[in-house]
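J.: Have a look at this one before I ask anything.
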Amino acid sequence: MRKLKLSAYTLCSCLGQGKQEHRDALFAECAGLRQVDFENIDLQTWIGRVHGVEDVVLPEKLRAYECRNNRLAQLAIESDNFVDSVRLAVSRYGTRRIGLFIGTSTSGVLEAEYAYAARDLAQDILPKDFSYNTTQAISSVGYFVRQLLRLEGPIEVVSTACSSSANVFAAAHRFMSAGFCDAAIVGGVDSLCQMTLYGFDSLQLVSQLPCRPCDRDRDGMNVGEAAGFAILEWEDSNAELCLLGYGESSDAWHMSAPDPTGAGAALAIRAALTRAGLEPLDIDYINLHGSATVANDLAEDAAVFEIFGGCAPCSSTKGFSGHVLGAAGIIEALFSCLAVESDVAFRTMNTVNVDHAIRSPILLETHRTPITNVMSNSFGFGGGNMSLILGRPS
Amino acid sequence: MKQIGIAGIGVIGPGISNWRDAVAVLTGAEDFDPQAEVPTESPVSLPANERRRVTPLIRMVLQCCEDTLSGYSAEYPPLQSVFSSSCGGLETADKILRSLTLPHKPVSPTQFHNSVHNAPAGYWLIASGVRSGSISISAHDSSFGAGLLNAVSNVLIGDGPTLLVSYDYMAPPILRESRPYLGSFAVGLVLVDAPMRWTIEVDLRESDNCDKMGDMVLEAMRLGNPAARSLPLLARMAGDRPGQVRLPYLPNLDININVVRHARS
Numbered sequence: 008m009r010k011l012k013l014s015a016y017t018l019c020s021c022l023g024q025g026k027q028e029h030r031d032a033l034f035a036e037c038a039g040l041r042q043v044d045f046e047n048i049d050l051q052t053w054i055g056r057v058h059g060v061e062d063v064v065l066p067e068k069l070r071a072y073e074c075r076n077n078r079l080a081q082l083a084i085e086s087d088n089f090v091d092s093v094r095l096a097v098s099r100y101g102t103r104r105i106g107l108f109i110g111t112s113t114s115g116v117l118e119a120e121y122a123y124a125a126r127d128l129a130q131d132i133l134p135k136d137f138s139y140n141t142t143q144a145i146s147s148v149g150y151f152v153r154q155l156l157r158l159e160g161p162i163e164v165v166s167t168a169c170s171s172s173a174n175v176f177a178a179a180h181r182f183m184s185a186g187f188c189d190a191a192i193v194g195g196v197d198s199l200c201q202m203t204l205y206g207f208d209s210l211q212l213v214s215q216l217p218c219r220p221c222d223r224d225r226d227g228m229n230v231g232e233a234a235g236f237a238i239l240e241w242e243d244s245n246a247e248l249c250l251l252g253y254g255e256s257s258d259a260w261h262m263s264a265p266d267p268t269g270a271g272a273a274l275a276i277r278a279a280l281t282r283a284g285l286e287p288l289d290i291d292y293i294n295l296h297g298s299a300t301v302a303n304d305l306a307e308d309a310a311v312f313e314i315f316g317g318c319a320p321c322s323s324t325k326g327f328s329g330h331v332l333g334a335a336g337i338i339e340a341l342f343s344c345l346a347v348e349s350d351v352a353f354r355t356m357n358t359v360n361v362d363h364a365i366r367s368p369i370l371l372e373t374h375r376t377p378i379t380n381v382m383s384n385s386f387g388f389g390g391g392n393m394s395l396i397l398g399r400p401s
Numbered sequence: 243m244k245q246i247g248i249a250g251i252g253v254i255g256p257g258i259s260n261w262r263d264a265v266a267v268l269t270g271a272e273d274f275d276p277q278a279e280v281p282t283e284s285p286v287s288l289p290a291n292e293r294r295r296v297t298p299l300i301r302m303v304l305q306c307c308e309d310t311l312s313g314y315s316a317e318y319p320p321l322q323s324v325f326s327s328s329c330g331g332l333e334t335a336d337k338i339l340r341s342l343t344l345p346h347k348p349v350s351p352t353q354f355h356n357s358v359h360n361a362p363a364g365y366w367l368i369a370s371g372v373r374s375g376s377i378s379i380s381a382h383d384s385s386f387g388a389g390l391l392n393a394v395s396n397v398l399i400g401d402g403p404t405l406l407v408s409y410d411y412m413a414p415p416i417l418r419e420s421r422p423y424l425g426s427f428a429v430g431l432v433l434v435d436a437p438m439r440w441t442i443e444v445d446l447r448e449s450d451n452c453d454k455m456g457d458m459v460l461e462a463m464r465l466g467n468p469a470a471r472s473l474p475l476l477a478r479m480a481g482d483r484p485g486q487v488r489l490p491y492l493p494n495l496d497i498n499i500n501v502v503r504h505a506r507s
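Take a look at the structure:
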């Protein structure tokens, strides 16, 4: 496929705000997880909570969009001179020719949680100041960012659970290829709320401890929050980082459990390699979905081992950031960019003893090695699989 | 822009259980009653254990998929899919949000996995066994148009035939002020890279000049559900009237569709 240059990017997670704080945390092996201290949640677990989200104030004319998810989006956008990079892209392409593609799974649902808690029980009505369309609605984060960045081009919010913001890369590539826009801003934003914490707990997928991807004693995930954004343009001679390929597939198996054979995931991985014109041996590091649930890590390994046969070092960064759900696709794609830029493959944080049933080489130590191409996997409820390949243009 | 063939159309709405019913309403042969029930059946294509778990919204979407694909041969290439909805499963979200106000917050695991925006897509993929890529999106009131752009892009760049389904279901009473839908509605199209009886060419235009429905009740429906923003496009094909259609997308940005009829498919 025609490559897309990542001409700028930024991110915000429990590891910090902006690229440098993420580099520092990942290289120094400092995870951002902490015991749950959010909204009186009475579960025993750890979360990836972003510092300072509560203090973000949206611009006066966008106050209707006030909610944790949009505050988190703005916090990320304020880092790494991202707004300046957007203005530069606008000067090159015009506001109408830049598409905006944002992934989220729960948008601003926390605001609805407050509204339901405060509802008038006798009449069963929500408080008057609750604004569904600008907070809880899936599209809220898209229209907020569009106005914040003063864009006027095509827009959509992608919501395919935990692969949402991996899908945005594919959507942007298609819109650009079809000529609906000339450049794109892709993003992913998901924020802490009770719905996901109690929801994943109801499925017994939440760990009481810091999560341990691929460990023989792993017992579930930690929910986190994050936001990440990137500007995509067609590859040119200045390109240093590119989206080289993407592959997508569906398990067609179960709503909330992966196909244990990994067959669906393998289809996505193969499709990404084919689109990138690469062989398994060309991949220097795989950033796994690695959610640390018993079923995911086994099924993913089945797919990865079938294709790579142990030739590519793998790790999951969810022990650093938690599972940031709809933002995981882009956050881990951007971790992959950091890996390429620094020639570092990150360790699988918290993991001590790799499950004997997992055959791929799981990195337990930070690994310094030349990295040209990285694969980043994201899988989600509904059986959606996305595999991205990021790296240096050849 | 290249022409894209339409290899299937499906519609579910008030009093409308398939494309044939929709044609009758759109050509004026039958009156349209937005208060009529939305006829949905139990999705026989799903395994029994999954069938028990589906919500009325998911039933409606599965039925729309079935209607859209009724003429689509299993020998054709596997379908990519685009599912597009402004608000997805509001009823499920409402149930979970109520649970979260109760002691011990008893969220149902089935409701939780049904709450994801791509839940209807997930059930369709399980029912059909299709393992191709699938995307679920929202662009608020412009969700049909945005979904169409995704599906058209898929076909244009050679990713193969694509199923587009756009839908929104009546909001539960507590959210009706925010989402005052006139009725539930779902529309499906199969887009292919081949000449069919109907082909479309799609591009974006800097205008705020979208088509409206001539009939007052149908116009109310068009405005009364984001998926029904598709009605002017459907009306051209139902009434055998090729020509231009403009659908609303964003302020000063319309989706322009040239609908062309061919002598034979």
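Taken in order, these protein sequences are the chains called P and E. The first sequence begins at 8 in our numbering and counts up one residue at a time. The second sequence begins at 243 in our numbering and counts up one residue at a time. Ideal placement from N, C-alpha and C gives every residue a C-beta, glycine not left out.
#1: Going along the chain, which residues of its own chain have a beta-carbon closer than 7 angstroms to the beta-carbon of A83 of chain P, five neighbours each way excluded?
#2: Taking beta-carbon pairs under 8 angstroms, can you tell me which members of the region 99 to 116 of chain P lie near chain E?
#3: If you run the structure through DSSP and keep just helix, strand and coil, what is K337 of chain E?
#4: Quick one: give me the first and last residue of the alpha helix (DSSP H) that M479 of chain E is part of.
#5: Taking Cβ-Cβ distances shorter than 8 angstroms, what residues in chain P pair up with C329 of chain E?
#6: For M228 of chain P and chain E, any beta-carbon pair shorter than 8 angstroms?
#7: Which of the three DSSP states is assigned to S327 of chain E in this structure?
#8: Under 6 angstroms Cβ to Cβ from F312 of chain P, same chain only, skipping five residues before and after it: list those, please.
#9: By Cβ distance, which residues of its chain are closer than 8 angstroms to V502 of chain E, with the 5 residues on each side in sequence left out?
#10: Take every Cβ of the region 269 to 281 of chain P, pair it with every Cβ of the region 391 to 401 of chain P, and state whether three or more of those distances are shorter than 8 angstroms.
#11: When you compare each of E:S284, E:P348, E:G364 and E:F427 to S170 of chain P by their alpha carbons, which one comes out closest?
#12: Go ahead and label N291 of chain E buried or exposed: buried means 16 or more other beta carbons lie within 10 angstroms of its beta carbon, across all protein chains shown.
#13: Return no unless some Cβ of chain P is closer than 8 angstroms to the Cβ of F386 of chain E.
#14: For V230 of chain P, name the three-state secondary structure that DSSP assigns.
#15: In chain E, which residues lie less than 8 angstroms from W260 of chain P when you measure between Cβ atoms?
#16: With 8 angstroms as the threshold, decide whether the Cβ of I379 of chain E is near any Cβ in chain P.
#17: Compare the C-alpha of H261 of chain P against each of E:P281, E:S408 and E:W366 and name the closest.
#18: With burial defined as no fewer than 16 other Cβ atoms inside 10 Å of the residue's Cβ, what is the status of N403 of chain P: buried or exposed?
#19: Determine the chain E residues that contact A178 of chain P at a beta-carbon separation under 7 angstroms, and present them in chain order.
#20: Determine the chain P residues that contact I399 of chain E at a beta-carbon separation under 7 angstroms, and present them in chain order.
#21: Do N360 of chain E and S166 of chain P count as a contact pair if the criterion is CB distance below 8 angstroms?
#22: Over the uninterrupted alpha helix (DSSP H) stretch that includes N77 of chain P, give me the two end residues.
#23: From the DSSP output, in three-state form, read off S507 of chain E for me.
#24: Apart from the five residues just before and just after S507 of chain E, which ones in its own chain have a Cβ nearer than 6 angstroms to its Cβ?
#25: Quick one: list the residues of chain E neighbouring C121 of chain P, beta-carbon separation under 7 angstroms, in chain order.
#26: Under 8 angstroms between the Cβ atoms of L398 of chain E and I251 of chain E?
#27: Pick out whichever of P:A310, P:M8, P:L33 and P:C21 has its Cα sitting closest to the Cα of H374 of chain P.
#28: Just the Cα atoms here: how many angstroms apart are L332 of chain P and I132 of chain P?
#29: For G398 of chain P, decide whether its Cβ has a neighbour in chain E, counting only Cβ atoms nearer than 8 angstroms.
#30: Who are the neighbours of E73 of chain P on chain E, taking C-beta pairs under 7 angstroms?
#31: Residue ranges of each beta strand (DSSP E) run of no fewer than 3 residues wholly in the region 287 to 331 of chain P, ordered along the chain?
#32: Pairing CB atoms from the region 386 to 393 of chain E with CB atoms from the region 330 to 341 of chain E, are three or more of them under 8 angstroms?
#33: Does any residue of chain P bring its CB to less than 8 angstroms from the CB of S350 of chain E?
#34: In chain order, what residues of the same chain lie with their CB nearer than 7 angstroms to the CB of A309 of chain P, ignoring the 5 residues before and after it?
#35: Which runs of the beta strand (DSSP E) at least 3 residues long sit entirely within the region 238 to 293 of chain P? Give them in chain order.
T.: This is what the structure gives:
#1: Your numbering for residue 83 of chain P matches position 76 in the first sequence. Answer for A83 of chain P: T17, L18, C19, A234, G235 and F236, listed in chain order.
#2: Listed by position along the chain: R103, S112 and V116.
#3: For the purposes of this step, residue 337 of chain E is identified with residue 95 of the second sequence, where counting begins at 1. Helix.
#4: On the second sequence, position 237 is the one that residue 479 of chain E refers to. L473 to A480 is the extent of the alpha helix (DSSP H) around M479 of chain E.
#5: Residue mapping note: residue 329 of chain E aligns to position 87 of the second sequence, counting from 1. Neighbourhood of C329 of chain E in chain P, by CB distance below 8 angstroms: A144 and I145, in chain order.
#6: In the first sequence, the residue the question calls residue 228 of chain P occupies position 221. Chain E, which has no Cβ nearer than 8 angstroms to the Cβ of M228 of chain P, makes this no.
#7: What you label residue 327 of chain E is simply residue 85 of the second sequence in a count that begins at 1. Residue state for S327 of chain E is assigned as coil, using DSSP reduced to three classes.
#8: By one-based count along the first sequence, residue 312 of chain P stands at place 305. Within the same chain, Cβ atoms closer than 6 angstroms to the Cβ of F312 of chain P are found at R366 and S367, the five residues on either side in sequence being excluded.
#9: One-based indexing of the second sequence puts residue 502 of chain E at position 260. A distance below 8 angstroms between beta-carbons, with the five flanking residues on each side excluded, links V502 of chain E to the following residues of its chain, in chain order: Q245, W440, T441, I442, E443 and P484.
#10: Contact between the region 269 to 281 of chain P and the region 391 to 401 of chain P is present: 3 or more CB-CB pairs across the two stretches fall below 8 angstroms.
#11: Residue numbering aside, residue 170 of chain P sits at position 163 when the first sequence is read from its first letter. Closest option to S170 of chain P, Cα to Cα, is E:G364.
#12: Position 49 of the second sequence, counted from the first residue, corresponds to residue 291 of chain E. N291 of chain E comes out exposed.
#13: As a working note, residue 386 of chain E is residue 144 in the second sequence. Answer no: the Cβ-Cβ gap between F386 of chain E and chain P never drops below 8 angstroms.
#14: Translated into the one-based positions of the first sequence, residue 230 of chain P becomes position 223. V230 of chain P: strand per DSSP, three-state reduction.
#15: Position 253 of the first sequence, counted from the start, is the residue given in the question as residue 260 of chain P. Against chain E, a Cβ distance below 8 angstroms from W260 of chain P picks out I368.
#16: For the purposes of this step, residue 379 of chain E is taken as the residue at position 137 of the second sequence. It does: the Cβ of I379 of chain E has a partner Cβ on chain P nearer than 8 angstroms.
#17: Position 254 of the first sequence holds residue 261 of chain P. Among E:P281, E:S408 and E:W366, the Cα nearest to that of H261 of chain P is on E:W366.
#18: Nothing can be reported for residue 403 of chain P: it is not among the residues displayed for chain P, which extend from 8 to 401.
#19: Working through the first sequence from its first residue, we reach residue 178 of chain P at position 171. The contact set of A178 of chain P on chain E, defined by CB atoms closer than 7 angstroms, consists of I377 and N392 in chain order.
#20: Reading the second sequence from its first residue, position 157 is the one you call residue 399 of chain E. Against chain P, a Cβ distance below 7 angstroms from I399 of chain E picks out R181, S184 and A185.
#21: Residue mapping note: residue 166 of chain P aligns to position 159 of the first sequence, counting from 1. Residue mapping note: residue 360 of chain E aligns to position 118 of the second sequence, counting from 1. Contact flag set, yes.
#22: If you number the first sequence from 1, residue 77 of chain P lands on position 70. From DSSP, the alpha helix (DSSP H) with N77 of chain P extends over R75 to I84.
#23: Against the second sequence, residue 507 of chain E aligns to sequence position 265. Caution applies to S507 of chain E, whose pLDDT of 47 falls short of 50 and renders its modelled position unreliable; the value that the coordinates give is listed next. When secondary structure is reduced to three states using DSSP, S507 of chain E falls in the coil class, being assigned neither helix nor strand.
#24: Within the second sequence, numbered from 1, the residue matching residue 507 of chain E stands at position 265. Note that S507 of chain E scores a pLDDT of 47, beneath 50, so its modelled location is shaky; the value from the coordinates is reported in the next line. Hits under 6 angstroms: M438 and R439.
#25: As a first step, residue 121 of chain P must be located in the first sequence, where it is residue number 114. Reading off the sequence shown, one finds Tyr at residue 121 of chain P, where the question assumed Cys. What Y121 of chain P touches in chain E: nothing, since even the nearest Cβ is about 10 angstroms away.
#26: Position 156 of the second sequence, counted from the start, is the residue given in the question as residue 398 of chain E. Position 9 of the second sequence, counted from the start, is the residue given in the question as residue 251 of chain E. Taking C-beta atoms as the reference points, L398 of chain E and I251 of chain E fail to come closer than 8 angstroms.
#27: Position 367 of the first sequence holds residue 374 of chain P. Out of P:A310, P:M8, P:L33 and P:C21, P:L33 has the C-alpha closest to the C-alpha of H374 of chain P.
#28: As a first step, residue 332 of chain P must be located in the first sequence, where it is residue number 325. As a first step, residue 132 of chain P must be located in the first sequence, where it is residue number 125. Those two C-alpha atoms are separated by around 30 angstroms.
#29: Translated into the one-based positions of the first sequence, residue 398 of chain P becomes position 391. Residue contact with chain E for G398 of chain P: absent (no Cβ-Cβ distance below 8 angstroms to any residue of chain E).
#30: Taking the first residue of the first sequence as position 1, residue 73 of chain P is located at position 66. The contacting residues do not exist; E73 of chain P stays about 16 angstroms from chain E at best.
#31: Taking only runs of at least 3 residues, the beta strand (DSSP E) segments lying wholly in the region 287 to 331 of chain P are 292 to 294.
#32: A contact is defined here as three or more CB-CB pairs under 8 angstroms, and the region 386 to 393 of chain E fails this definition with respect to the region 330 to 341 of chain E.
#33: The residue given as residue 350 of chain E occupies position 108 in the second sequence. Taking CB atoms only, S350 of chain E has a neighbour in chain P less than 8 angstroms away.
#34: The residue labelled residue 309 of chain P in the question sits at position 302 within the first sequence. T268 and G269.
#35: If we require 3 residues or more, the beta strand (DSSP E) runs fully inside the region 238 to 293 of chain P come out as 249 to 257.
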